[in-house]
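Heads up, the thing below is written out as structure tokens.
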Amino acid sequence: MCKDCGCSIAGHDHSHDHHHHELSTNPQLNDKKTLSVIHKILDKNDVEAAHNREHFEEHGVMAFNLMSSPGSGKTTLLEHLGDYTNKKFCVIEGDLETSRDADRLKAKGISAVQIQTGSACHLDAFMVHGALHQQPLDNMDICFVENVGNLVCPASYDVGAHKNVVLVSVPEGEDKIEKYPVMFRKADVVLITKCDLLPYFDFDTEVAKSHVLKLNPNAKVICVSVKEKESMLEVAHWFENELATFNTTAEAV
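My numbering puts the first residue of the sequence shown at 841, with every later residue one more than the last.
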């Protein structure tokens, strides 16, 4: 994880200090100068994130931040999503190195811009802002920000999206939800992916759902496999319903 980004503050919310009792084992968090730097970094990021949201809204585009550990199926989900919706979408893709995921999406006819973060374990609003100047939003309905694979750091950084989508795959195990609670507290929807593998792994979807709802009672939980049409349709419908609400709200303003 980053040493200077503030992502080590599990559950960090710089408007509410409500998890200090959980953080006492980290000596950095007892240092006022360290905390001050972290707050400044996050405050500047929040300003840029608000600017990104305005940019999306000026183009009538709804943005979704996709977060998960590496290999949970974010890119695969996006590769197949176009088969189940007529909504036009583009992708801002984040990885430490290579353009492989963006190349995969482009091969499917999806407009994608790659951000290579180098050593950074998450995308921030400034990185996304730079990518927005490379990603034409005209005639788009949705922009997906596919974050760097990491169940910790991306949860601390608002990138300017309107909704957060968190994926957890069957091979990872349902225990990851309670082990990495900050990510799931931030989620608007949790997608349990690779459900075609349920017969081969000790993964209880009902237990997973209960873990999510305990942390975040307002989160939607959807079990999905790209090999199962009905589950992909449910995911597509969720995005379409959120977009419809977004558009209705925009028209009312």
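We treat Cβ as the ideally placed atom computed from N, Cα and C, and that holds for glycine.
For residue j and residue i, believed in contact at Cβ under 8 Å, the rounded distance
| i | j | result |
| --- | --- | --- |
| Asp886 | Asp978 | Wrong, their Cβ atoms sit about 27 Å apart, outside the cutoff. |
| Glu986 | Lys914 | 5 Å |
| Ser1071 | Val1061 | Incorrect: roughly 12 Å between the Cβ atoms, too far for contact. |
| His1051 | Met902 | Incorrect: roughly 28 Å between the Cβ atoms, too far for contact. |
| Ile1017 | Phe904 | With a Cβ gap of about 20 Å, Ile1017 and Phe904 do not count as contacting. |
| Gly911 | Lys948 | Between Lys948 and Gly911 the Cβ distance is about 19 Å, and since that is not below 8 Å, they are no contact. |
| Ala1059 | Val1030 | 6 Å |
For residue i, the residue or residues it bridges with in DSSP
| i | result |
| --- | --- |
| Gly934 | Ile955 |
| Lys1060 | Val1029 |
| Val985 | Asn905 and Ile932 |
| Val1008 | Ile1032 |
| Lys1003 | Phe904 |
Whole-angstrom distance between residue j and residue i, CA atom to CA atom
| i | j | result |
| --- | --- | --- |
| Gln956 | Val988 | 9 Å |
| Ile950 | Val1010 | 27 Å |
| Lys1069 | Phe1086 | 26 Å |
| Thr1033 | Arg944 | 19 Å |
| Val992 | Met1023 | 7 Å |
| Asp1028 | Leu1007 | 11 Å |
| Asp883 | Ser996 | 11 Å |
| Lys928 | Ala1084 | 13 Å |
| Thr925 | Glu1082 | 13 Å |
| Phe1079 | Asp871 | 42 Å |
| Trp1015 | Leu1073 | Contrary to the premise, residue 1015 reads as Asp rather than Trp in this sequence. Taking the straight line joining both Cα atoms gives about 27 Å. |
| Leu963 | Ala971 | 11 Å |
| His879 | Asn990 | 21 Å |
| Leu863 | Lys946 | Its pLDDT being 45, under 50, Leu863 is placed unreliably in this model, and the coordinates cannot settle the point. |
| Asp935 | Gly958 | 8 Å |
| His861 | Gly900 | With a pLDDT of 44 at His861, under the threshold of 50, the modelled position of this residue cannot be trusted; read the value that follows with caution. Their Cα atoms are separated by approximately 42 Å. |
| Leu906 | Cys961 | 14 Å |
| Lys942 | Thr1088 | As written in the sequence, residue 942 is Ala, which differs from the Lys given in the question. For Ala942 and Thr1088, the distance between alpha carbons rounds to 31 Å. |
| Ser939 | Leu1053 | 35 Å |
| Pro994 | Ile881 | 14 Å |
| Glu1048 | Lys1019 | Sequence inspection shows Ala at residue 1048; the Glu mentioned does not correspond to that position. Spanning the two alpha carbons is a distance of roughly 12 Å. |
| Glu894 | Ser876 | 27 Å |
| Met980 | Leu1055 | 33 Å |
Sub-8 Å separation of residue i and residue j beta-carbons
| i | j | result |
| --- | --- | --- |
| Val836 | Glu933 | This structure cannot speak to residue 836, because the chain is shown only from 841 to 1093. |
| Glu888 | Phe984 | no |
| His973 | His891 | no |
| Asp1042 | Lys1067 | no |
| Glu897 | Ala1092 | no |
| Val931 | Leu917 | no |
Burial state of residue i (16 or more Cβ within 10 Å)
| i | result |
| --- | --- |
| Gly1000 | buried |
| Glu1046 | exposed |
| Pro1021 | buried |
| Asn1004 | buried |
| His920 | buried |
| Pro1039 | exposed |
| Lys1026 | buried |
| Ser908 | buried |
| Pro976 | exposed |
| Pro1057 | exposed |
| Asp1044 | exposed |
Any C-beta of chain C under 8 Å from that of residue i
| i | result |
| --- | --- |
| Leu882 | Here chain C cannot be found, since the structure has a single protein chain. |
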